[in-house]
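These protein sequence lines are chains V and E, in that order.
Note that the numbering used here has the first sequence beginning at 2, numbered continuously upward.
Note that the numbering used here has the second sequence beginning at 2, numbered continuously upward.
Ideal Cβ positions, reconstructed from N, Cα and C, are used throughout, including at glycine.
No experiment lies behind these values; they were computed from the predicted model shown.
Number of protein chains: 2
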Amino acid sequence: MKNYADRLLSAIEQKHSPCVIGLDPRLDLMPDFIRMNVEDKPLADAIRSAITSFNHEVIEAVNEVVPAVKLQIAFYEQYGLPGLHAFEDTIRLARDFGLIVIVDAKRNDISSTAEAYANAFLGRTNIFGQLKAIFDVDCITVSPFLGRDSLIPFINACAEYGKGIFVLVKTSNPGSVDIQDQKLAANSEPLYRGLAKMVDDCGQRVIGESGYSSIGAVVGATFPQQARDLRRSMPRAIILVPGYGAQGGTAEGASACFNSDRRGAIVNASRSIIYSHEHQNISRDDFKKVVRLSAEKMTSEIVGALPLAMAAQ
Amino acid sequence: MKNYADRLLSAIEQKHSPCVIGLDPRLDLMPDFIRMNVEDKPLADAIRSAITSFNHEVIEAVNEVVPAVKLQIAFYEQYGLPGLHAFEDTIRLARDFGLIVIVDAKRNDISSTAEAYANAFLGRTNIFGQLKAIFDVDCITVSPFLGRDSLIPFINACAEYGKGIFVLVKTSNPGSVDIQDQKLAANSEPLYRGLAKMVDDCGQRVIGESGYSSIGAVVGATFPQQARDLRRSMPRAIILVPGYGAQGGTAEGASACFNSDRRGAIVNASRSIIYSHEHQNISRDDFKKVVRLSAEKMTSEIVGALPLAMAAQ
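Shown next, in the form of structure tokens:
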């Protein structure tokens with residue numbers, strides 16, 4: 002199994018884009034042509050079909066531009082079983098287009114339960130005596146809140162199956178200060194710095210030929226100062242950067258997550274790309290053009306901000 | 002909509018049991034009669050049917066003994082879509098038996114994504130212009146790691162639909178010390194105490210006639226000393242207590258989570274109840290007897306430990 006960090010970095014290099022497009026379905030924001038195509042179907046089929054075909058359009062629009070897509074599973078769960086069928090359909094589609102598939106699930110639990118989550122997304126489940134891959138994506142986001150032991154089953158799956166995780170270190174929302182920024186009595190350092198050290202340490206086991214680890218971190222584009230700090234605390238971690246675009250993070254903010262080799266991060270945008278059409282009655286062709294242009298514009302902005310970040314270091 | 006805390010406490014009173022049974026499917030641990038009933042079916046049907054019928058047996062065995070069941074969603078996700086269909090089937094079954102349904106999902110995310118999770122489990126999703134209930138359970142577990150703002154969509158759903166959440170405060174695993182026990186520089190108090198204050202504060206909005214809030218907390222039976230502390234820090238929160246049984250928590254440990262009114266907590270056991278049969282070739286009738294006895298024994302132990310806890314306070 003090829004190391005995940007190596008696979009991701011080579012896909013980024015091949016596309017000349019350190020960007021990932023979020024496939025976050027919201028039926029109320031999709032163009033009319035999606036809805037019109039499903040309105041004669043039974044409700045469950047209509048939901049599944051609308052989400053899958055919307056994602057299909059987006060994947061067709063962006064697959065030559067970016068190396069990866071990120072599925073925020075909450076937006077599928079909110080549509081119940083039909084949404085989760087569409088989640089599975091979309092993973093298959095994205096893989097057929099040669100894209101790296103990241104699931105933003107922020108999962109975690111203790112011991113055998115964490116192992117069940119790792120089985121579901123990265124590893125294999127024992128089904129009547131046979132080990133079977135289930136959702137089988139490249140990478141998922143994981144919460145560190147339950148402590149280091151809760152990360153072990155995921156790291157084992159990464160090592161065994163060439164997969165990756167991004168551990169939440171500093172999220173992009175204003176409330177991330179409540180817990181993640183708390184200074185610890187032991188060393189007067191913010192908790193996020195301790196988390197970064199944990200990520201760095203856990204990641205040593207799965208470092209690829211690129212020098213990067215399959216154990217990455219989530220650091221929001223909305224906190225560039227903390228991002229510079231965190232970039233130094235875990236030099237071998239690839240950082241998944243949310244918060245660019247709709248949440249107010251800038252390309253300069255995101256660039257703080259890159260190393261001086263212009264690698265080591267991948268920036269996500271969801272709403273600002275896939276819902277960038279101004280009118281819901283847009284045609285299918287125009288929708289794809291708009292989405293592709295938005296993805297290209299994002300890539301230019303992020304890549305354009307990189308040399309500035311290097312100069313500042 | 003009746004307040005969730007009131008509904009849960011009155012169900013506990015009616016059954017004379019502050020216990021919840023975890024429905025955590027593991028095909029490899031189920032009795033042979035479950036597997037034999039599905040072996041002629043296609044794989045997806047076999048998985049769904051095995052899980053649903055196993056849960057049906059357990060629910061029939063325990064529904065007169067305990068007020069609630071807890072579904073650990075990781076154990077369903079690890080079986081993919083068939084597992085998640087069984088998850089939905091089980092919720093419906095448990096509700097038909099008049100049980101309170103708690104989903105242990107440890108979900109959370111930021112802003113509109115947290116709202117999507119709240120919609121999925123507690124609230125309503127906008128589907129083609131109509132608000133629809135999706136999994137529609139009574140209560141889910143939620144992670145506080147992303148901060149106070151991430152809890153708001155869940156609290157809104159609790160207030161609007163008579164639902165509840167249990168916020169992770171001190172989990173039952175050894176690694177819970179890594180982050181949750183960190184002393185903060187601001188006040189030299191462990192993080193978990195700050196989390197308990199946040200739970201207490203957020204909970205004021207949804208206090209029922211019982212005096213308890215629909216915003217509860219998770220505190221492991223494996224840390225009785227911390228549990229006594231936390232019990233005092235959030236007097237109106239109902240505590241969901243994992244870690245009893247297979248994880249080594251005792252009835253005395255669990256009793257530390259109760260208030261002096263002998264209320265305010267509900268203790269979970271999963272493996273030690275539903276996989277308490279010694280041989281996999283047990284008959285269907287004997288399996289149900291064993292499970293019912295295990296649930297009754299647990300209830301006796303927990304209820305028996307309560308007066309001791311009261312005397313110690």
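With 16 other Cβ atoms within 10 Å as the buried cut-off, status of residue i
{"i": "V:M31", "result": "buried"}
{"i": "V:A47", "result": "buried"}
{"i": "E:A313", "result": "Only weak support is given to the placement of E:A313: the predicted model assigns it a pLDDT of 49, under 50, and the value that follows is read from those uncertain coordinates. So E:A313 ends up on the exposed side."}
{"i": "V:K171", "result": "buried"}
{"i": "E:L44", "result": "exposed"}
{"i": "E:H280", "result": "exposed"}
{"i": "E:R1", "result": "Here chain E comprises residues numbered 2 to 314, so residue 1 of chain E is not present and cannot be evaluated."}
{"i": "V:R264", "result": "buried"}
{"i": "E:Q226", "result": "exposed"}
{"i": "E:G148", "result": "buried"}
{"i": "V:N188", "result": "exposed"}
{"i": "V:D97", "result": "exposed"}
{"i": "E:E302", "result": "buried"}
{"i": "E:D105", "result": "buried"}
{"i": "E:S284", "result": "exposed"}
{"i": "E:R206", "result": "exposed"}
{"i": "E:H17", "result": "exposed"}
{"i": "E:M299", "result": "buried"}
{"i": "E:E210", "result": "exposed"}
Anticipated Cβ contact below 8 Å, residue i with residue j, distance rounded
{"i": "V:L24", "j": "V:N56", "result": "5 Å"}
{"i": "E:Y245", "j": "E:A222", "result": "5 Å"}
{"i": "V:I22", "j": "V:V67", "result": "6 Å"}
{"i": "E:L94", "j": "E:I60", "result": "6 Å"}
{"i": "V:R293", "j": "V:A62", "result": "4 Å"}
Length of the line joining the Cα atoms of residue i and residue j
{"i": "E:N64", "j": "E:E58", "result": "10 Å"}
{"i": "E:G305", "j": "E:N4", "result": "28 Å"}
{"i": "E:A6", "j": "V:D41", "result": "42 Å"}
{"i": "E:A186", "j": "E:V39", "result": "57 Å"}
{"i": "V:I13", "j": "V:M235", "result": "20 Å"}
{"i": "E:V200", "j": "V:S261", "result": "42 Å"}
{"i": "E:Q181", "j": "E:D202", "result": "19 Å"}
{"i": "V:A197", "j": "V:S112", "result": "22 Å"}
{"i": "V:Q248", "j": "V:D230", "result": "21 Å"}
{"i": "V:I166", "j": "V:S214", "result": "10 Å"}
{"i": "E:G99", "j": "E:S295", "result": "20 Å"}
{"i": "V:L307", "j": "V:A252", "result": "8 Å"}
{"i": "V:T91", "j": "V:S11", "result": "23 Å"}
{"i": "E:E161", "j": "E:L123", "result": "9 Å"}
{"i": "E:L72", "j": "E:K107", "result": "12 Å"}
{"i": "V:D128", "j": "V:S177", "result": "With the sequence shown as reference, residue 128 of chain V is identified as Ile, and Asp is not the correct amino acid for it. Looking at the two C-alpha atoms, the distance is approximately 39 Å."}
{"i": "E:I208", "j": "V:G163", "result": "48 Å"}
{"i": "V:N157", "j": "V:R49", "result": "33 Å"}
{"i": "V:S54", "j": "V:N282", "result": "16 Å"}
{"i": "V:H278", "j": "E:K133", "result": "27 Å"}
C-beta neighbour in chain E for residue i, strict 8 Å
{"i": "V:A187", "result": "yes"}
{"i": "V:P43", "result": "no"}
{"i": "V:L30", "result": "no"}
{"i": "V:V178", "result": "yes"}
{"i": "V:H86", "result": "yes"}
{"i": "V:A197", "result": "no"}
{"i": "V:E65", "result": "no"}
Of the residues the options, the one placed nearest residue i, counting alpha carbons only
{"i": "V:Q131", "options": "V:V138, V:N120, V:C140, V:S271", "result": "V:N120"}
{"i": "V:A238", "options": "V:S11, V:D230, V:G204, V:A247", "result": "V:G204"}
{"i": "V:A87", "options": "V:R27, V:S261, V:P175", "result": "V:R27"}
{"i": "V:D286", "options": "V:Q15, V:D33, V:L9", "result": "V:D33"}
{"i": "E:I274", "options": "E:N282, E:F259, E:E297, E:C258", "result": "E:E297"}
{"i": "E:I240", "options": "E:D179, E:Y276, E:F288, E:V168", "result": "E:V168"}
{"i": "E:R194", "options": "E:D29, E:G212, E:V219", "result": "E:V219"}
{"i": "E:P19", "options": "E:A95, E:I101, E:H278, E:I60", "result": "E:I101"}
{"i": "V:D137", "options": "V:S211, V:A252, V:Y118", "result": "V:Y118"}
{"i": "V:I135", "options": "E:Q79, E:K184, E:P175", "result": "E:Q79"}
{"i": "E:Q15", "options": "E:G250, E:A69, E:S54, E:S50", "result": "E:A69"}
{"i": "V:I74", "options": "V:I103, V:S50, V:A51", "result": "V:I103"}
Chain V within 8 Å of residue i, Cβ atoms only
{"i": "E:E78", "result": "yes"}
{"i": "E:Q205", "result": "no"}
{"i": "E:P236", "result": "no"}
{"i": "E:L147", "result": "yes"}
{"i": "E:P175", "result": "yes"}
{"i": "E:Y213", "result": "no"}
{"i": "E:L132", "result": "no"}
Residue i Cβ short of 7 Å to the ligand GTP heavy atom set
{"i": "V:F288", "result": "Among the components of this structure there are no ligands whatsoever, and the ligand GTP is therefore not found."}
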